[in-house]
Amino acid sequence: MSSLKITIKKFFRNKLNYLILILIGICCAFSIIVNSLTYSTKEYYKDNVLNWADYRIFSILHPENREKLINKLNSMEEVIGVFDEYGYYTAWYMPDIEEHFEGKEITVRISGVAGEIPAVKGENLPATDEDVMICPITYRPLENLLVENTKLEFDLTPFIGKEMTIVPLESRSPGKDDIYKEFKIKLVGLYDNDRLNNFYHDCYTNYNTLAKIRKQVTTIKNNSHIYFQIDDKINEEKVISELKKSGYFAHSVMDIDYVLAVDSFDTLEYIGKGLFIISMLIVLCLFSYNLFRNKKIIKLNKILGYSNIRLLFNSIIETILLFINSCISLIIFLLVGIHVFKNYLPDHYPSFKQINLIISPLEFKKVFIVLIFIIAFIFIINIISLLLGKSNRKNII
Amino acid sequence: MEEKNTKNNTLISLKNLSKSYYKGSKEIKVLNNINLDFEPGKFYLIVGHSGSGKSTLLKIMGLIDKPTNGEIFINNNNVNNLSDRKLAKFRNNEIGFVFQDYFLDKLLTAYENVTVPMIINKEYKKRKIVKKRALELLDFVGLKDRIKHFPKELSGGEEQRVAIARALANDPSIILADEPTGNLDVESEKFIFEKLKEMSKNGKCIIMVSHSKDAINYADKVLEVKDGVIL
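Read top to bottom, the protein sequences are chains A and B.
For the first sequence, the working numbering begins at 1 and goes up steadily by one.
For the second sequence, the working numbering begins at 398 and goes up steadily by one.
Okay, here's the thing in C-alpha cells:
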C-alpha cells in the first residue's frame, strides 16, 4: 500500500467529496445547458423564425421619388423583390372549406412574397409568378372566433394540387353581389407553420401573382407604400442603413415576437448564473469544512512522520482527483441534462420540440475556466490547512 | 555534529529542561529545570494535577514541542536542533504515540491505519512486509478479525488497541501514551495497561500520563509533576 493509494482511497471514501462532485456536476451542467439553450433558441429564431418571409419584408412610406427608390432597391443585391400595396397582402374568403365550418364564411390572408417557400407537404412555392399558392400545415380560419364549439384547425392536405376558389372580401359585402368575383388559385403545398408558432391563416403566393389578381378586383387609391423583401435577415442592418444614407426610412412590416421568448431565456440564464455562483460558494464552504474537520488528521500525519513535501504531494493528488472527477461528474450531469431536454421537456413544453440544443463550446470553455479557478482555490485552502496543521501540531495532545 | 550524551543505558535524557509561555509580557513557567532519565524496558507513569505540566513534558519528549531551555537526548543524540524534516523522521522511527482520543483516520480501516507509519517510513518498501507486520500487530492487540473495520465500526477500546498497534508499527523504542484509557471502560483499560506492560517487558520504554488509580499497579516508576517540577 503506497501513500498515493491511501490518498486515492481516502478521497473516494469521503462522502462529502461525492456531495461536492455532485454539486459541481449539477451546477456546471445546468449552467452549460441553460446558456446553450439560450444560444440555441437565439440561433433557432435567427435561422428559422426571423428568416421567414414576413420578417424580411420592409416598407417605405411616401417615398419622395418613387421611381428612383424602386431603381435603388432593384440595384441592391440583397433585395429580392420590390412591390406595392397590390402585391403585399389581403384577406379572401375560401368557400371550398366553408362546409367544414358549419357554412360560416371562412377567410384566409394571402400575402405576396418574393423567393421560394419550402413545403413540408406537396411542392414548394416557386419564386416565379405561376398562379399558385402555399398554405400552412396547421390552418386556422382568420375569423375562427365566429365558429364556436367547432374544431378550429383544418387540414388542407386534400386540397394539395387542386384549384381553390378565393373570393375578395369586398365582393361579398351586402349589396355588392353584382360585382361578385371569384378566382382560382392552385394550392401546391403546405408549409410548416408549427415551427414558426404563428401564421395559422397565412397563405403565400408570388407578389406578382397577387398584384395581378387584386388589380382585377380593386383600385387602391392611396398606394403610397413601397414594399421590398431581402434575401436574408442578416442583411437587414446593411440594407436599412444604405437606404437611410439615400434618405429613405425603411421599417419592418412585422413585429418580432421572438424577443419575448428570448427574454424568458435571459431570465433563466440569470437564474442559472446565480445558482452557479451560489453552488460554487457552497462547494468552497463544504471543502473548507471538510479540510478543517480533518485538521487533526493532518496534524496527526505530521506527528506520525509525514514531511511537508509528502503532505503537499498528497494535497496535489487530492486536487487532481477532485478536478478529474469534477469533469466526469460534469459530463454525466450534462448527458443527463441533454437526455431530459430531448426526451422529457418537449412532451411538457412543446415550444422546445423545434429547438435543437446546441452545446456551445464557448460555454464549456467558460465553465472549464471557472472550474480551474475553483480547484485552484481549493488547492490554496489545502495548503493553508497544511500550514495550520504544521503550526498547531503541538495542540494535538 | 550532534552532541552525545555520556550516560549508558539511558534512552531519553532531559537536562535542565524548562518551558515557558508568554501571556503578553508575563512569563508563565510550565516546566522548571527538569532533569530526568528514561531507560528502555521500563514503564514510567507521570501523574499530576491538571495544568501541572505533564502533557507539556510529554510533548517535548515526543518532539512535538520545543523546550525554552535545556537539552533532550534520545539514544544519546541531542535532538534539540534537528530540522523539521529530521524531527519528522525521528518521530516516525523512534517514537510511537497513543492519544486519549485515539486519533485514528476515520477514512481508513484498522489495517490501513496501522500501515500509515510504515508507509511513511521508507525502509518498508515491500507491500508483503508491511502487510505481515500490520497483521502481526493487530493480532497482538487482539483485533485480527477486525482488520477491515473502519473506526466507526469499532468500540472505543478497540479503537485504542488499533492506535497501540499503529504506535508499534515501526518498532519504536519509545511509546508515549497520553491518557490512553481516559475514555475507556475498566475492562478495556485493563487490556491496554497489560499490553503496555507487555511492551515494556519487550524492551520498550513506556511513558504514560494517566489519572487512573490502577495505572500505578503497572508502572515501574511513578513521576509526579507539580507546578512544573518533578517531586
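Idealized CB from N, CA, C, for every residue including glycine.
Keep in mind that this is a model prediction, so the values were computed, not measured.
Which whole-angstrom value is the C-beta distance of residue i and residue j, which I expect to be below 8 angstroms?
| i | j | result |
| --- | --- | --- |
| V108/A | M94/A | 5 angstroms |
| A507/B | L540/B | 6 angstroms |
| N35/A | S360/A | 7 angstroms |
| Y44/A | I234/A | Going by Cβ atoms, the distance from Y44/A to I234/A rounds to 15 angstroms, so no, they are not a contact pair. |
| Q497/B | D575/B | 6 angstroms |
| L125/A | Y204/A | 6 angstroms |
| Y39/A | A211/A | Not confirmed; about 41 angstroms, so no contact. |
| D485/A | Y227/A | Chain A is shown only over 1 to 397; residue 485/A falls outside these bounds and no answer can be derived. |
Suppose you measure from the CA of residue i to the CA of residue j; what does that come to, to the nearest Å?
| i | j | result |
| --- | --- | --- |
| I561/B | L573/B | 10 angstroms |
| K42/A | T90/A | 31 angstroms |
| N290/A | S31/A | 25 angstroms |
| S3/A | F341/A | 43 angstroms |
| L581/B | I277/A | 47 angstroms |
| L479/B | K302/A | 15 angstroms |
| D624/B | S449/B | 5 angstroms |
| W52/A | L156/A | 21 angstroms |
| I298/A | L268/A | 43 angstroms |
| G272/A | A29/A | 10 angstroms |
| L442/B | A616/B | 6 angstroms |
| G467/B | S415/B | 6 angstroms |
| V147/A | K104/A | Low confidence applies to V147/A: its pLDDT is 49, below 50, so where it sits in the model is not reliable enough to give any reading. |
| E550/B | Q557/B | 13 angstroms |
| I117/A | F154/A | 21 angstroms |
| V188/A | K46/A | 27 angstroms |
| E99/A | I106/A | 9 angstroms |
| E533/B | K545/B | 15 angstroms |
What do you reckon, are the CB atoms on residue i and residue j nearer than 8 angstroms?
| i | j | result |
| --- | --- | --- |
| I492/B | P569/B | yes |
| I26/A | F333/A | yes |
| K451/B | G445/B | yes |
| Y344/A | L69/A | no |
| N429/B | L411/B | no |
| F500/B | L275/A | no |
| P464/B | C602/B | no |
| R13/A | L455/B | no |
| K186/A | D131/A | yes |
| S252/A | F58/A | yes |
| D202/A | S111/A | yes |
| F588/B | G554/B | yes |
| L357/A | I331/A | no |
| L190/A | A127/A | no |
| T218/A | E170/A | yes |
| F435/B | L460/B | no |
| K121/A | I97/A | no |
| L23/A | S279/A | yes |
| V427/B | Y419/B | no |
| E67/A | V239/A | no |
Given a threshold of 16 other Cβ atoms within 10 Å of its Cβ, counted over all protein chains shown, does residue i qualify as buried or as exposed?
| i | result |
| --- | --- |
| V559/B | buried |
| V583/B | exposed |
| V619/B | exposed |
| I627/B | buried |
| N614/B | exposed |
| A376/A | exposed |
| Y209/A | One detail in the question is off: residue 209/A reads as Thr in this sequence, not Tyr. Looking at its Cβ environment, which holds 16 or more other Cβ atoms inside 10 Å, T209/A is buried. |
| C285/A | exposed |
| Q216/A | exposed |
| H423/B | Position check: residue 423/B holds Lys in this sequence, whereas His was assumed. The residue in question, K423/B, is exposed, as its Cβ has fewer than 16 Cβ neighbours within 10 Å. |
| F373/A | exposed |
| R543/B | buried |
| I324/A | exposed |
| K592/B | buried |
| Y200/A | buried |
| L61/A | exposed |
| N223/A | exposed |
| K598/B | exposed |
| P136/A | buried |
| D502/B | buried |
| K482/B | One detail in the question is off: residue 482/B reads as Arg in this sequence, not Lys. R482/B is exposed by the Cβ-count criterion. |
Under 9 angstroms (Cβ pairs) to chain B, residues found in the stretch 309 to 330 of chain A: Residues I309 and R310.
Interfacial residues, the stretch 293 to 310 of chain A to chain B, with Cβ spacing under 9 angstroms: Taking 9 angstroms as the Cβ-Cβ cut-off against chain B, the residues of the stretch 293 to 310 of chain A that qualify are N294, K296, I297, K299, L300, N301, K302, I303, L304, G305, Y306, S307, N308, I309 and R310.
Residues within the stretch 485 to 501 of chain B neighbouring chain A, beta-carbon criterion of under 7 angstroms: Per Cβ criterion, the list reads A485, K486, R488, N489, F494, F496 and F500.
Taking only beta carbons into account, state which residues of the stretch 470 to 484 of chain B come closer than 8 angstroms to chain A, listed in chain order. When CB distances to chain A are screened at a threshold of 8 angstroms, the residues of the stretch 470 to 484 of chain B falling below it are D481 and R482, in chain order.
Interface positions of the stretch 42 to 65 of chain A facing chain B (Cβ-Cβ less than 9 angstroms), listed along the chain: For the stretch 42 to 65 of chain A, which is checked against every Cβ of chain B, not one residue is closer than 9 angstroms.
Listed from N- to C-terminal order along the chain, which residues in the stretch 9 to 28 of chain A have their beta-carbon within a distance smaller than 7 angstroms of any beta-carbon of chain B? So the close ones are K10, R13 and N14.
Quick one: which residues of the stretch 510 to 528 of chain B get their C-beta closer than 9 angstroms to a C-beta of chain A? List them in chain order. Residues passing the 9 angstroms Cβ filter: T512, V513, P514, M515, I516, I517, N518, R524, V527 and K528.
Please list the residues of the stretch 592 to 613 of chain B that have a C-beta atom closer than 7 angstroms to any C-beta atom in chain A, keeping them in chain order. Along the stretch 592 to 613 of chain B, none of the residues has a CB nearer than 7 angstroms to a CB of chain A.
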